[in-house]
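Shown next, in structure tokens, is the structure this report addresses.
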Amino acid sequence: RELEGCGAPETVEAVVLCADLVRFTPLAARLGPEKTFDLMHKLWCRFDVLVKKSGLYKMETIGDAYVVLGLPGSAPPPP
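In this text, residue positions in the sequence shown follow the working numbering: the first is 6, and each later residue adds one.
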């Protein structure tokens, strides 16, 4: 069955991962803007690689939060 108006198949099950860095605000204050940006960029790039290898979908990055969606039957792309 398709959801009204969007043409996407209905999905009953999904996995959502919300990753949030503990004590990020004090860390960012200690590191300063440039080092904080560099740290976040490196971390999110590593997460992006893992998400792609796992056949997941990155929904959002908001500040220090990273949100990923996994659907049943989703498989990693062939090597």
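Even glycine gets a Cβ: it sits at the ideal position worked out from N, Cα and C. No experiment lies behind these values; they were computed from the predicted model shown.
- In the three-state reduction of the DSSP assignment, Val27 falls in the coil class.
- Around the beta-carbon of Asp43, fewer than 16 other beta-carbon atoms lie within 10 Å, marking it exposed.
- In the DSSP assignment, Leu61 falls outside any alpha helix (DSSP H) and carries neither an H nor an E.
- Pairing Leu61 with Ala34, the inter-Cα distance amounts to about 32 angstroms.
- Taking a 10 Å sphere around the C-beta of Asp25, we find fewer than 16 other C-beta atoms and assign the residue as exposed.
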